[in-house]
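Have a look at the structure below, then the notes.
There are 2 protein chains.
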Amino acid sequence: MAQNNIPYKIYLEESEMPTTWYNVRADMKKKPAPLLNPGTGQPMTAEELGQVFCEELVAQELDNDTRLVPIPDEIRDFYKMYRPSPLVRAYCLEEKLGTPAKIYYKFEGNNTSGSHKLNSAIAQAYYAKNQGLKGVTTETGAGQWGTALSMACAYLGLDCKVFMVKVSYEQKPFRREVMRTYGASVTPSPSMETNVGKAINAQFPGTTGSLGCAISEAVEAAVSTPGYRYVLGSVLNQVLLHQSVIGVETKIALDKYGITPDIIIGCAGGGSNLGGLISPFMGEKLRGEKNYRIIAVEPASCPSLTRGVYAYDFCDTGKVCPLAKMYTLGSSFIPAPNHAGGLRYHGMSSILSELYDEGMMEAVAVPQTSVFEAAEYFARVEGILPAPESSHAIRVAIDEALKCKETGEEKTIVFGLTGTGYFDMVAYEKYHDGKMDDYIPTDEELAKYRAALPQIG
Amino acid sequence: MAQNNIPYKIYLEESEMPTTWYNVRADMKKKPAPLLNPGTGQPMTAEELGQVFCEELVAQELDNDTRLVPIPDEIRDFYKMYRPSPLVRAYCLEEKLGTPAKIYYKFEGNNTSGSHKLNSAIAQAYYAKNQGLKGVTTETGAGQWGTALSMACAYLGLDCKVFMVKVSYEQKPFRREVMRTYGASVTPSPSMETNVGKAINAQFPGTTGSLGCAISEAVEAAVSTPGYRYVLGSVLNQVLLHQSVIGVETKIALDKYGITPDIIIGCAGGGSNLGGLISPFMGEKLRGEKNYRIIAVEPASCPSLTRGVYAYDFCDTGKVCPLAKMYTLGSSFIPAPNHAGGLRYHGMSSILSELYDEGMMEAVAVPQTSVFEAAEYFARVEGILPAPESSHAIRVAIDEALKCKETGEEKTIVFGLTGTGYFDMVAYEKYHDGKMDDYIPTDEELAKYRAALPQIG
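Protein sequences, first through last, are from chains A and B. With my numbering applied, the first sequence corresponds to residues 106 to 562, in that order. With my numbering applied, the second sequence corresponds to residues 106 to 562, in that order.
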């Protein structure tokens, strides 16, 4: 492997930037299970999905066959504003760890949304605009997705209505304010603006909300407002398709320097980042051309892959969305209040769930204090203050590099650094002050949520 | 001018990155006035300065002759972690404004300190470490400089003690927390840890502090602690020297594409960013090779260039620092409480003051609501959420581009985008809620502060 004279940061030229997204479903012999209509139990048709999502996005959602999907020029132009993102050689981290491993990370935080979410936000907003829609609705938890969508909509002149989980709305006023800067309307969820919100407020007075509940509200708002559709920042096939720009760029940069990774690591909540990062690599693996180790890292407090079941489940609390087959903890699962970072969705992308079920990738769950320990270490050594989400991948990358130190193996490790932690300083403060706990749900707790799974599929 | 096929972002290759800083003093016929010992009224000697500053930095402070100063390899290695910074062609902004002007901005916000401050922080920390020191002290207001220095010290294993203006310490807990992540100790100023702090607390009970006061405390802490020196993030000649990496990179990138700017614009508080950005261009201008228009932009609420006087003044409130000749509002001047952004220092770099006095550059003062209007406009069009400081330059860049629209001139405008506004959302919120005022000090007020200037020089 030629790894001499690798710069600190590999930036592609504009002319080297990807012209197509990579649809890993084309390489899967067993395709991800289709979304089901909760009423009929039958696969959702394009027509049914078109009531909630934009037409072109429905087509992408259902397309299991086209491997290379052209990126429209308008989206590529927007990508050029903040992409290519650097593939960084972590020389300083390697040196401090004293590891023979070569560590690279693809850094997606150098844009105002602070994460990779913008890659899909601009695509979804573009197709909505193209269809002549007036606006889109969505939900946001930690706020990265809401920020990204606000930015994309501001750029295209599209209305953007964000339902923000109430506890985040109150505890993260700055996130909210960034979205307002981009002209979005931000409503704390559960609200009194939707039937779902009213019902949840009536059933659980004083509730501070959840992602599943905000999804239900955003979907209701979209289908009940002419000229609006709903957009989602993770989990869906279309989102992984857009996020494949991360992986395609990474592969072009590695190929340019003749580097073949041994291990590829990404954090996994709904799966948007991990799915995007690994797409072209997983394609090679599925075709039997390469044999990468691929590791999904999730929080021990929300362990859908490592402790969930692979089954059809509701995507949202209000049960207004289609059913998806995925590794899930149950749609009413909410991580313990002391869980600080994102990655709090109860389920996992159907694509990643299928690949995990087939043994094509591994999964590890890590407790949050060890994640923040890795985050602070990384910040001091590599300069970048990472998002708590991204720090899950850092944790396992460091662990793998330390294993190399023991064995003397010069493995090449690539991990996804999804974003920055500037809006997560409350969590860092808790960690510094020794007030952060690890909470790992018991088997009994998980069994309770699992018992509420729908009996389908 | 060849401006076809300019990419959205011009990134230099690692091999194209500057190997020398640019010392604009070498090109000045009339050198900036020397620092004076407030006791004797005589120029500060290297020995006197060495009690406060590191030796190598003292040498740089006093060197008016060496035009190209080599950047040590260790500093260049650190630069490679977050530099080169992109020179961005503002295609979207040009299109929205409908201007024939070509607009470029040098973006320094893609690092965790969120600004250009890191360029000098690593240099100063490096020389301190090289001298065998144990640590450094400094002050911080908005927090960008303190964050940058904390990052540099964490990298080099140097102690870092930051005196943070009390009002910022309380209102910006997240900034403080970032510094703690990098292992710095952060003390609200005025504190009870220094004689200066005690005296100020006794004289003004309940004061929320000022930059001038925090400087006094940091200097006292440095000179009274063995193995420590004081470092400063702006104003000084050495700081402008380090920040010249911004201008040198900008010039290399422009030259690569055959672009000659007509107008160069930068925000100016103490002058670190503007001085750095313009250094090589001002050199050409001083040597009569080129005739750029250079514009300093300052807040109307802290108008040191446009409404100050050019005279010797104290650099700090406690009057423990040397005297500097500069455009100043008087060392006891503090911007009105409703002033939201940074750029709140009472004086201006001696280099820039001299150049302004000689008519080599212009200055404009802009009211803050017009600055936030420009900030929000820019964020929506170009995607980046700018720092309030940087937005002063955006305001004037937009104004100049609109003049081009009227006259039809295709001028090339380059401005410095010093950083991001993620920790300034309280100010953005005020702006969104219509609660932001413009305050412009009256002539009578300014006269009062001016009357307190020392009678020297």
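Built from N, CA and C at the ideal position, the CB exists for glycine as well. Predicted model, so just to flag it, every value in this text is computed and none were measured.
Rounded to a whole number of angstroms, what is the C-alpha to C-alpha distance between residue i and residue j?
| i | j | result |
| --- | --- | --- |
| ALA226 (chain A) | GLN249 (chain A) | 11 Å |
| PRO491 (chain A) | PRO148 (chain B) | 46 Å |
| ALA304 (chain B) | PHE477 (chain B) | 37 Å |
| GLY317 (chain B) | PRO278 (chain B) | 21 Å |
| LYS134 (chain B) | ARG392 (chain B) | 9 Å |
| TYR415 (chain A) | ARG181 (chain A) | 36 Å |
| ASN443 (chain B) | VAL270 (chain B) | 16 Å |
| GLY521 (chain A) | TYR232 (chain A) | 27 Å |
| THR243 (chain A) | HIS221 (chain A) | 17 Å |
| GLU121 (chain A) | ALA138 (chain B) | 50 Å |
| ASN378 (chain A) | TYR461 (chain B) | 50 Å |
| ARG485 (chain B) | THR286 (chain A) | 8 Å |
| ASN306 (chain B) | PRO440 (chain B) | 20 Å |
| ALA502 (chain B) | VAL336 (chain B) | 32 Å |
| ILE400 (chain B) | GLY371 (chain B) | 7 Å |
| GLY237 (chain B) | ASP264 (chain B) | 12 Å |
| ALA647 (chain B) | PHE212 (chain B) | A question about residue 647 (chain B) goes unanswered here, because the residues of chain B that appear run from 106 up to 562. |
| ALA107 (chain A) | VAL519 (chain B) | No answer about ALA107 (chain A) holds up, because its pLDDT of 44 lies below 50 and its placement is not dependable. |
| PHE183 (chain A) | SER315 (chain A) | 31 Å |
| ARG398 (chain B) | ALA468 (chain B) | 11 Å |
| LEU140 (chain B) | LEU345 (chain B) | 15 Å |
| ARG130 (chain B) | SER349 (chain B) | 12 Å |
| PRO177 (chain A) | CYS509 (chain A) | 42 Å |
| GLN165 (chain A) | THR313 (chain A) | 34 Å |
| LYS114 (chain B) | VAL353 (chain B) | 16 Å |
| ALA556 (chain B) | SER496 (chain B) | 32 Å |
| GLU152 (chain B) | VAL402 (chain B) | 36 Å |
| LEU341 (chain B) | LYS185 (chain A) | 37 Å |
In the DSSP output, which residue or residues are listed as bridge partners for residue i?
| i | result |
| --- | --- |
| TYR127 (chain A) | A:LEU173 |
| TYR432 (chain A) | A:TYR415 |
| LEU141 (chain A) | A:PRO148, A:LEU428 |
| TYR209 (chain A) | A:ARG194, A:VAL519 |
| VAL597 (chain A) | Past the boundaries of the shown model lies residue 597 (chain A); chain A is included only from 106 to 562, so the question cannot be answered. |
| TYR333 (chain A) | A:GLY240 |
| ILE320 (chain B) | Note: ILE320 (chain B) sits in no beta bridge, so no partner. |
| LYS185 (chain B) | For LYS185 (chain B), which the question treats as bridged, DSSP gives no partner whatsoever. |
| ILE115 (chain A) | A:LEU192 |
| GLY452 (chain A) | A:THR433 |
| SER220 (chain A) | A:GLY524 |
Is residue i near residue j, with beta carbons less than 8 Å apart?
| i | j | result |
| --- | --- | --- |
| GLY332 (chain B) | LYS239 (chain B) | yes |
| ILE320 (chain A) | CYS420 (chain A) | yes |
| ALA470 (chain B) | ALA405 (chain B) | yes |
| LEU198 (chain A) | TYR209 (chain A) | no |
| MET431 (chain B) | MET466 (chain B) | no |
| THR433 (chain A) | GLY464 (chain A) | no |
| LYS136 (chain A) | ASN169 (chain A) | yes |
| ARG283 (chain A) | VAL157 (chain A) | According to the sequence provided, residue 283 (chain A) is Val. The question's Arg does not apply to it. Not a contact, by the Cβ cut-off of 8 Å. |
| ALA247 (chain B) | GLY381 (chain B) | no |
| PRO385 (chain B) | TYR127 (chain B) | yes |
| SER290 (chain B) | GLU322 (chain B) | no |
| ARG500 (chain B) | ALA532 (chain B) | no |
| TYR417 (chain B) | SER339 (chain B) | no |
| GLY214 (chain A) | GLY488 (chain A) | no |
**Report entry** the segment 273-304 of chain A: positions lying closer than 9 Å to chain B by Cβ
**Finding:** Answer in chain order: PRO278, PHE279, ARG280, ARG281, GLU282, VAL283, ARG285, THR286, TYR287, GLY288.
**Report entry** Within 8 Å of chain B by C-beta, residues of the segment 482-498 of chain A in sequence order
**Finding:** Cβ contacts with chain B: ALA484, ARG485, VAL486, GLU487, GLY488, ILE489, LEU490.
Report task. Please specify which runs of the alpha helix (DSSP H), each continuous and at least 4 residues long, are wholly inside the segment 463-539 of chain A, giving them in chain order. Result -> Fully enclosed alpha helix (DSSP H) runs of 4 or longer: 473-487, 493-512, 530-537.
Query raised in the report: Unbroken alpha helix (DSSP H) runs of length 4 or more, entirely within the segment 364-412 of chain B: which are they?
Result: Entirely contained in the segment 364-412 of chain B, the alpha helix (DSSP H) runs reaching 4 residues are, in chain order, 377-391, 409-412.
Query raised in the report: If contact means a Cβ-Cβ distance below 8 Å, which residues of the segment 533-562 of chain B contact chain A?
Result: For the segment 533-562 of chain B, residues whose beta-carbon sits nearer than 8 Å to a beta-carbon of chain A comprise TYR533, GLU534, HIS537.
Query raised in the report: the segment 132-149 of chain A: which residues have C-beta closer than 9 Å to a C-beta of chain B, in chain order?
Result: Taking 9 Å as the Cβ-Cβ cut-off against chain B, none of the residues of the segment 132-149 of chain A qualify.
Query - Proximal residues, the segment 109-127 of chain B versus chain A, C-beta separation under 7 Å - result: Residues passing the 7 Å Cβ filter: PRO112, TYR113, TYR116, GLU119.
Query raised in the report: Between the segment 204-224 of chain A and chain B, which residues of the former have CB atoms less than 7 Å from a CB of the latter, in chain order?
Result: When C-beta distances to chain B are compared with 7 Å, the residues of the segment 204-224 of chain A below that value are ASN215, ASN216, THR217, in chain order.
Query raised in the report: Using a Cβ cut-off of 8 Å, which residues of the segment 235-259 of chain A contact any Cβ in chain B, in chain order?
Result: The residues in question are MET256, ALA259.
Query raised in the report: Given a limit of 8 Å on CB to CB distance, which residues of the segment 348-378 of chain A reach chain B?
Result: If the cut-off is 8 Å between Cβ atoms, the segment 348-378 of chain A has nothing near chain B.
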